[in-house]
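Undergrad:
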Amino acid sequence: MKRPAIDLGACILCEICVELAPHAFEISDSGFVQVKPLDGYQDDDIHEAIKNCPKDCIFWEDD
Ligand code: SF4
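Take this note's numbering: the final residue in the sequence shown is number 1166, and no numbers are missing along the way.
Shown next, in the form of structure tokens:
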């Protein structure tokens, strides 16, 4: 299954992804964006979050 992953070196913690798709992205206790475990990642909100990331640092990886 394809799931989003974050290039933490490029992420500026703007939290746009968290605002657009809070069911999929969150800020971890250590202060980084992390992807929540879901059964699937193909909904519109997630695609919208990826499209609107100002640093283009959300990419797809295979499980
Ligand atoms: S939208 Fe992109 S730059 Fe902003 S917090 Fe999410 S991953 Fe980081």
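Ideal placement from N, C-alpha and C gives every residue a C-beta, glycine not left out.
These figures come from a predicted structure and were not determined experimentally.
Terminal residues of the continuous beta strand (DSSP E) containing A1108?
TA: Element bounds for A1108: 1105-1109.
Undergrad: Would you mind sorting C1120 into buried or exposed? The rule is 16 or more other CB atoms within 10 Å of its CB.
TA: buried
Undergrad: Measure the C-alpha to C-alpha separation of A1159 and A1113 and round it to an integer number of angstroms.
TA: Note that residue 1159 corresponds to Asp in the displayed sequence, not to Ala. The C-alpha of D1159 lies about 8 Å from the C-alpha of A1113.
Undergrad: What residue range is occupied by the uninterrupted beta strand (DSSP E) comprising E1164?
TA: Element bounds for E1164: 1161-1165.
Undergrad: Comparing alpha-carbon positions, which option in D1147, F1162, P1157, D1165 lies nearest E1118?
TA: P1157
Undergrad: Between the Cα of S1131 and those of L1116, F1162, E1164, Q1145, spot the shortest distance and give me the residue it belongs to.
TA: Scanning L1116, F1162, E1164, Q1145 for the CA closest to the CA of S1131 turns up L1116.
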